Amino acid sequence: VQSEAATTLEEVMDLRAFFGQSRVLIVAGKGGVGKTTVTAALAHLASSAGLSVLVIELEGREGLNVAFGQEGPLDYAESVLRAAGAAPEDAEDDSAVPAGSVRARTITPDDALLEYLADHGLGRVSKRLMATGIVDLVAGAIPGIRDILVLGKVKQIERNRLADVVLVDAPATGHTLTFLSSASGLLDAARGGPIRSQAADVVDLLADPARCQVVLVTLPEEMPVNEVVDAAFALEDRVGVALGPIIVNGCFPSFAAGETSGAQAGAQAGLALSADVVRALDDARRFRLVRQRLQEEQLARLAQQLPLDQLRIPYLFAPTIGPAEIDELCDALAAGIHELRHPAEAAS
Amino acid sequence: VTSSSAPTAMDDVVGERSIVVCCGSGGVGKTTIAAALALEAARRGRDACVVTIDPARRLANALGLDELTNRPTPIDGEWPGRLHALMLDPKATFDDLVARYADSGEQAERIRHNRIYRNLTSTLSGTQEYMAAEKLYELTEEGDFDVVVVDTPPTRNALDFLDAPGRLTRFLENRVFQALMKPTRVGLRFMGVAAHALLRTISRVAGADIVSDAVSFFQAFEGMEEGFRTRAARVRELLRQPDTAFVLVASPRPDSVGEAVHFADKLGETGMSVSALVVNRVQPRFADDSLLERLPPSARERPDGSARRAPANEEGPSAPAGALEDLVANLRGYTAASDREEQAYSDLVAKVAPAPVYKVPLLGTDVHDLSGLAAVCDLLFGAGERPDRAPSAADAPAGGR
């Protein structure tokens, strides 16, 4: 029984190869698909392979801390979600490598602008600039400046190699496209100035698959699949950013007993079940089958419309995602990554 | 309890109110609920219009159309009232607004060609929200509808919708630029100096052309601020009038419920209140507690009742093998999930009291046609379904499962 992600050297090597493809992974998807959960799982998984991880949260959501069993909001200053070398609490075996650290921080446009102004020798007036509402004005004057300031900060972190893996929990799609196309939009609009060179650097970052990839998260449901297909094509066409595998959250694991009625199963186990127990078992079984069939249709449609690898992670009955749930998602991600890297093995 | 008893809060919303604002975070099914409320109003003989901001064609398709535009489109169907739908185009709505308040076609044209204006709907936060509110105002004042149902943009802070009219006005009335454009007026000279210092700063960071664009933007808008301000004030009043109903939509998850409670509190602080809450996509419950106790013990069962994989307990008391174990685990998993949803739901009922909370169960399929929308209506207004309210002292104890 494998109880923890990345316990064997082979798994570690798979994970290092996966996360070594590009330093920045932008995790994007529609609201409600579990983007923050997936970000937390990816962070945990990369650190299990001994890599240092920095998670950048752009909208100040709190789910990330909860997933790591911590409380309180993230800040512009880094906080440590998992210390380097920390063993998982319920580890049965020693991991092949000591865990890398997981740190997290937020980057908001206002913070990024203050820092940018300070970096350009304008720290003294920056407070007054903010107070006069000038940021709104500049934002009106420069399309997407908020996004470029944030992405500029991400680029700086990537350049300075502040972590092996930088995970960006992106704004919900719709906004993701605007967010990532801001830099090329500005290059079209602005004729000069330091912001323009900032935008050029961001365009370089996004265009280089060795530096940056987008991982799209979706659910195996009709609307989320439509949206992720649209988003994937738009991101490739309009931003030119490389796309990693699609992460499909909330997939029901196989349900071997799905075609066995409660009465049959009871008889097989040598138990006489009362009628209401049989009915409840069958109701829950049929509900699961209906949902599962809908999922399979959507997964097939996704594969057909989007020629990208899929990493499927399981539906969890628990509505709150804590460390135990993250472990389970990591196991599934690790298995999926292994399969992607060794397709022959999986096929045999 | 029968449906023929006293009207519920939701009956009041669709039967009596003239404006219904649906709020909630993204991914909770707000668009569907908004459309269902408008449909129900039409089924009750009213003239209803639903304003959606969901750019996906799903709602259009559900209403039997290829696409929706920025103008109300009639939806045909077997109901005594009328149903219209439109999809908000913030840019076109803003253009209409500019055309309305510009002194001349020439001024409107100049504004439409300004680079800052062209980007405003995507760059100035709150503009989309304001345009939704503006569209609501336009439909209420000029449209021939008994009720307008608006589906708000999925902002993290749903209150942005209420604050949006003020944000745009504040932007247009930016004193720095006002002063810059009137540098000769006595008394504003200090502002003029300060403004120039700030503009120099912006030029250094962003390039001088940005500044000239900004100046021409505000020059183009000159004389229209008053019209915009008056209009924004009326939009704000409209949202605050007693005839406006707020319906909050949430998922049965703690984070979503937390946001709904936060919004209800904030709304209360500004003297408004939530008419009704809808908890959408609630999982069915297949077994009550006494039945669960009689289930054969499952080796997979964990202390918290979830169905997570765990080492098989070989010595367990007569653990059934194979299929039965899977079926029991499946039932327990759904029941545990249902318990947690029920807990989130009860928390919501208690925290937003006395506002009623409605449940819409998870449907077998996604809503993608009129009959799907009608099914949601039936669930919201259906036979015997009554909303839960927080129990008063005289009531039976709350279901503290």
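Protein sequences appear in the order of chains A and B. Everything in the first sequence is counted per the numbering used here, starting at 1 for the first residue and increasing by one. Everything in the second sequence is counted per the numbering used here, starting at 1 for the first residue and increasing by one. Positions of the beta carbon are idealized from the N, C-alpha and C atoms, including for glycine. Since the model is a prediction, treat every value here as computed from it, not as a measurement.
Report yes or no: is there a C-beta of chain B within less than 8 Å of the C-beta of residue i?
i, result
"residue 196 of chain A", "yes"
"residue 274 of chain A", "yes"
"residue 255 of chain A", "yes"
"residue 320 of chain A", "yes"
"residue 250 of chain A", "no"
"residue 200 of chain A", "no"
"residue 63 of chain A", "yes"
"residue 193 of chain A", "yes"
"residue 332 of chain A", "no"
For residue i, go through chain A and note every residue whose CB falls closer than 8 Å to its CB, in chain order.
i, result
"residue 27 of chain B", "30, 31, 32, 33"
"residue 248 of chain B", "Near residue 248 of chain B there are no residues of chain A at all, since even the closest Cβ is about 16 Å away, more than 8 Å."
Does any heavy atom of the ligand PLP sit closer than 7 Å to the C-beta of residue i?
i, result
"residue 323 of chain A", "Among the components of this structure there are no ligands whatsoever, and the ligand PLP is therefore not found."
Given that residue i touches chain B, what residues does it touch there, using C-beta distances under 7 Å?
i, result
"residue 184 of chain A", "None at all; the shortest Cβ gap to chain B is about 14 Å."
"residue 266 of chain A", "324"
"residue 72 of chain A", "Ordered by position in chain B, no residue passes the 7 Å Cβ test against residue 72 of chain A, which lies about 15 Å from the chain."
"residue 262 of chain A", "327"
"residue 172 of chain A", "26"
What in chain A is Cβ-close to residue i, meaning under 7 Å?
i, result
"residue 265 of chain B", "Correct list: empty, because the minimum Cβ distance to chain A is about 17 Å."
"residue 417 of chain B", "This structure gives no information on residue 417 of chain B, because the portion of chain B shown stretches from 1 to 401."
Below 8 Å between beta carbons: does that hold for residue i and residue j?
i, j, result
"residue 166 of chain A", "residue 154 of chain A", "yes"
"residue 376 of chain B", "residue 62 of chain B", "no"
"residue 15 of chain A", "residue 45 of chain A", "yes"
"residue 164 of chain A", "residue 27 of chain A", "no"
"residue 167 of chain B", "residue 137 of chain B", "no"
"residue 53 of chain B", "residue 151 of chain B", "yes"
"residue 34 of chain A", "residue 244 of chain A", "no"
"residue 42 of chain B", "residue 81 of chain B", "yes"
"residue 246 of chain B", "residue 275 of chain B", "yes"
"residue 68 of chain A", "residue 51 of chain A", "no"
"residue 186 of chain A", "residue 195 of chain A", "yes"
"residue 12 of chain A", "residue 49 of chain A", "yes"
By the three-class DSSP mapping on this structure, what secondary structure does residue i have?
i, result
"residue 57 of chain A", "strand"
"residue 216 of chain B", "helix"
"residue 298 of chain A", "helix"
"residue 165 of chain B", "helix"
"residue 114 of chain B", "coil"
"residue 10 of chain B", "helix"
"residue 77 of chain B", "coil"
"residue 359 of chain B", "strand"
"residue 314 of chain A", "strand"
"residue 258 of chain A", "helix"
"residue 202 of chain B", "helix"
"residue 280 of chain A", "helix"
"residue 250 of chain B", "strand"
"residue 272 of chain B", "coil"
"residue 224 of chain B", "coil"
"residue 415 of chain B", "Residue 415 of chain B cannot be examined here, being either before or after the span of chain B that is shown, 1 to 401."
"residue 92 of chain A", "Low confidence applies here, because residue 92 of chain A scores a pLDDT of 45, under 50, leaving its location unreliable; read the following figure in that light. Reduced to three states, the DSSP call for residue 92 of chain A is coil."
Within the 8 Å Cβ cut-off, does residue i reach chain A?
i, result
"residue 284 of chain B", "yes"
"residue 68 of chain B", "no"
"residue 64 of chain B", "no"
"residue 207 of chain B", "yes"
"residue 334 of chain B", "yes"
If we cut at 8 Å on Cβ distances, does residue i have a partner in chain C?
i, result
"residue 327 of chain B", "Judged by its chain identifiers, the structure shown contains no chain C, and its protein chains are A and B."
Check the Cβ of residue i against every Cβ in chain B and list those closer than 9 Å, keeping chain order.
i, result
"residue 336 of chain A", "What residue 336 of chain A touches in chain B: nothing, since even the nearest Cβ is about 16 Å away."
Interface positions of the region 286-297 of chain B facing chain A (Cβ-Cβ less than 8 Å), listed along the chain: 286, 287, 291, 294, 295, 296
Residues in the region 356-385 of chain B having any Cβ partner in chain A nearer than 9 Å: 362, 364, 365, 366, 368
Residues of the region 277-301 of chain A with Cβ closer than 9 Å to any Cβ of chain B, in chain order: 277, 279, 280, 281, 282, 283, 284, 285, 287, 288, 290, 291, 294
Contacting positions in the region 210-222 of chain A - beta carbon closer than 8 Å to chain B: 221, 222
Selection of the region 340-354 of chain B by Cβ proximity to chain A, strictly under 8 Å: 340, 341, 344
Members of the region 234-263 of chain B that neighbour chain A once the beta carbon cut-off is set at 9 Å: 251, 252, 253, 254, 255, 256
Residues, ordered as in the chain, of the region 148-168 of chain A that lie near chain B by beta-carbon distance below 7 Å: none
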